[in-house]
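Protein chains: 2
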Amino acid sequence: MQNSDFDAGVAASPLMPKVERQRLHDTVVEHIRRFIVEGVLEPGKKLNERELCETLGISRTPLREALKVLAAEGLIEISPNRGASVSKMSEAELRETFELMSGLEAFSGELAAERMTAAELAEIKALHYAMLACRTQNDLAGYYSRNQAIHDKINEAARNSALRQTYVAVNRRLQALRFRSNFQIPKWDSAIHDHDEMLKALEARDGKKLSAILRQHLLDKRDAVLQVQSREDVAASVLKA
Amino acid sequence: MQNSDFDAGVAASPLMPKVERQRLHDTVVEHIRRFIVEGVLEPGKKLNERELCETLGISRTPLREALKVLAAEGLIEISPNRGASVSKMSEAELRETFELMSGLEAFSGELAAERMTAAELAEIKALHYAMLACRTQNDLAGYYSRNQAIHDKINEAARNSALRQTYVAVNRRLQALRFRSNFQIPKWDSAIHDHDEMLKALEARDGKKLSAILRQHLLDKRDAVLQVQSREDVAASVLKA
DNA sequence: CGATTGAATTTTGCATGCAAAAAACTATAT
DNA sequence: ATATAGTTTTTTGCATGCAAAATTCAATCG
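Taken in order, these protein sequences are the chains called B and A. Heads up: the first sequence runs through residues 1 to 241, numbered per full-length UniProt numbering. Heads up: the second sequence runs through residues 1 to 241, numbered per full-length UniProt numbering.
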């Protein structure tokens, strides 16, 4: 079996410039990354090369190259002669990673406050009000997507792609967990309050203030995730008994 | 040719626990990383797979896996069907990366000021005086190694391995450049002054202060690197003419 | 019945082979 | 001489094969 059918799935239209041909192992990285981030592959799950090859319809070479990349990103762990498995964070690691994120986000907020254009600020305001609208309609998905968009915009306004790339990479390691905690009812009021303060700080170009808010905001998110985690742990131990 | 001779180089002694067998592609990653960080492979240098295989005495599979990892780390760039080359930073990228580093170092300093033990502080003090000694003897290598050790200790005292790993990864991207600028005569006085201030802030457990010093310290380093860069650019253009 | 040793199976790590793409080279035409 | 088209060579991307390590399973022993 050649990879013709798989290729067909990702290939561009037959006509016109092929713009930028993706390589197989790159698309494989993206596939597996999605699986992990969206929780299809749960933390601790063993990744069998042969199995994955079959489901993805590719041979082992590009798969193994993809696994190396994912390991470098910290999404999976590879132990010699024993294969790969989805990374599983201890509570300590989770706290540390969130702490790192809080530092990155605070820094990017500080830069953004200095560098953001009026147009970008307006965009963020619009997203903010759209988010409020979602809140009144109890539209969870819409709420979270606006929320994420606001943070992305701030990151972009920091005008530092090295920072943004690092932010994205670290965020991915937490995404799978955040994904789960997003099914909880958010603490609307405090979150809305935080975002209100963030807007004020941005308008005042008060980098230090924004930085402090973002940092605390993320530490609150960490606690929310930790709560979900421990609740799941309890459920798991009850099931075992 | 099998890889028997290469293996012999990295294999442990025949007796006793094999402790932790390294895999070929991991050692290859480390090799090439060293080459890049120490400037043996210069920025922009094309990495021919066949050539590298021959010099390292391995086949293409582990080499390619290693290249994927190095690309994920940002040390090399791979373009489809055109192979890999050592990453070359534009001045803008260099500024951004240093800015990111300044943020990471500042954050880790802030945490370290809160969390450092008295013993660690004493160690740093010792390194500080050893560094001063090197200065009076004009021992450049010794000076830089103590300098690096102090920054590593601060990072360690932050008690956050996610932060440390990110710090190390970003630092590697700059290492090759810093390596070159280290052959310049350092600005002893201002550097010593900075380090003096850092110690004071640490003793006072003043995280914000330490954070600010580290940030500025790194931005100064950035300027030193930029100077060397532009000087080399001038030299290169003269040679071409 | 549990523990232990040894064979069978699976899985990983690496080398090699083949096809497609890119690069280098040559020859022809303007 | 330069530009272009065609051909050869090199290089990259992926699949496959084989050996070593690990895992599973079974049989034997205590």
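All C-beta atoms in this analysis are idealised placements derived from N, C-alpha and C, irrespective of residue type, glycine included. Since we're looking at a predicted model, the values are computed, not measured.
Among the residues facing chain B, A/Lys68 is included, as its CB has a counterpart in that chain under 8 Å away. Counting only residues of its own chain and dropping the five nearest sequence neighbours on each side, A/Gln175 has a CB closer than 7 Å to the CB of Val37.
Across the set B/Ser161, B/Arg159, B/Gln227, B/Ser87, the C-alpha of B/Gln227 shows the shortest separation from the C-alpha of B/Lys187. Among the residues facing chain B, A/Thr27 is not included, as its CB has no counterpart in that chain under 8 Å away. The shortest CA-to-CA distance from A/Leu202 to any of A/Lys153, A/Lys46, A/Asp189, A/Glu73 is the one to A/Lys153. B/Glu42 sits exposed, since fewer than 16 C-beta atoms from the chains shown fall within 10 Å of its C-beta. The UniProt domain "HTH gntR-type" (22–89) of chain A contains, as complete alpha helix (DSSP H) runs of 4+ residues, the segments 24–37, 49–56, 60–73 (chain order). Among the residues of the stretch 128–161 of chain B, those with a Cβ less than 7 Å away from any Cβ of chain A are Asn160, Ser161, in the order of the chain. Here B/Ile185 carries a coil assignment [DSSP, helix/strand/coil]. The Cβ of A/Glu65 sits closer than 8 Å to at least one Cβ of chain B.
No Cβ-Cβ contact shorter than 8 Å links A/Asn155 with B/Glu96. CA-to-CA, the gap between B/Glu30 and A/Lys88 works out to about 25 Å.
Taking 8 Å as the cut-off, the beta carbon of B/Val28 is found no closer than this to the beta carbon of B/Ile76. In the three-state reduction of the DSSP assignment, A/Asp139 falls in the coil class, being assigned neither a helical nor a strand state. When the alpha-carbon of A/Gly207 is set against those of A/Gly109, A/Ala162, A/Gln184, A/Leu24, the nearest one is in A/Gly109. Fully enclosed beta strand (DSSP E) runs of no fewer than 3 residues are not present anywhere in the stretch 164–226 of chain A. B/Arg115 places its beta carbon 8 Å or farther from that of B/Leu127.
In the DSSP assignment, B/Arg159 falls outside any alpha helix (DSSP H), carrying neither H nor E. Distances from the alpha-carbon of A/Ser90 to those of B/Ala162, B/Tyr143, B/Ala157 put B/Ala162 closest. In the same chain as A/Arg180, and ignoring 5 residues on each side of it, the C-beta atoms closer than 7 Å to its own belong to Gly39, Val228, in chain order. Going by DSSP, A/Thr117 is part of no alpha helix (DSSP H) at all; its letter is neither H nor E. Within the stretch 199–213 of chain B, not one residue has a Cβ closer than 7 Å to any Cβ of chain A. Not one beta carbon of chain A lies nearer than 8 Å to the beta carbon of B/Phe35.
By the neighbour-count criterion, in which 16 or more other beta carbons inside 10 Å mark a residue as buried, A/Gly74 falls on the buried side.
With fewer than 16 other Cβ atoms from the protein chains shown falling within 10 Å of its own Cβ, B/Val168 counts as exposed.
Within the stretch 91–103 of chain B, contact with chain A at the beta-carbon level (separation under 8 Å) is assigned to Glu93, Glu96, Thr97, Glu99, Leu100, Gly103. With a threshold of 8 Å between beta carbons, B/Phe179 makes no contact with chain A. Relative to A/Ser211, the option among A/Ala224, A/Arg222, A/Asp194 whose CA is nearest is A/Asp194.
The residue among B/Lys125, B/Cys134, B/Ala141, B/Thr166 with its C-alpha nearest the C-alpha of B/Met198 is B/Lys125.
Burial is judged here by how many other beta carbons sit within 10 angstroms of a residue's own beta carbon; B/Gly103 has at least 16 and is buried. Listed in chain order, the non-local C-beta contacts of B/Cys134 below 6 Å within the same chain comprise Gly142, Tyr143, local neighbours out to five positions each way being set aside. Not one beta carbon of chain B lies nearer than 8 Å to the beta carbon of A/Glu197. In this structure, the beta-carbon distance from A/Ala106 to B/Val69 does not fall below 8 Å. Check the Cα spacing between A/Leu214 and each of A/Val225, A/Asn138, A/Ala112, A/Phe183: the tightest is with A/Ala112. Annotation: Cβ neighbours of A/Val170 in chain B (cutoff 9 Å, chain order): Ala162, Thr166. Among the residues of chain A, those whose CB is under 7 Å from the CB of B/Glu73 are Ala72, following chain order.
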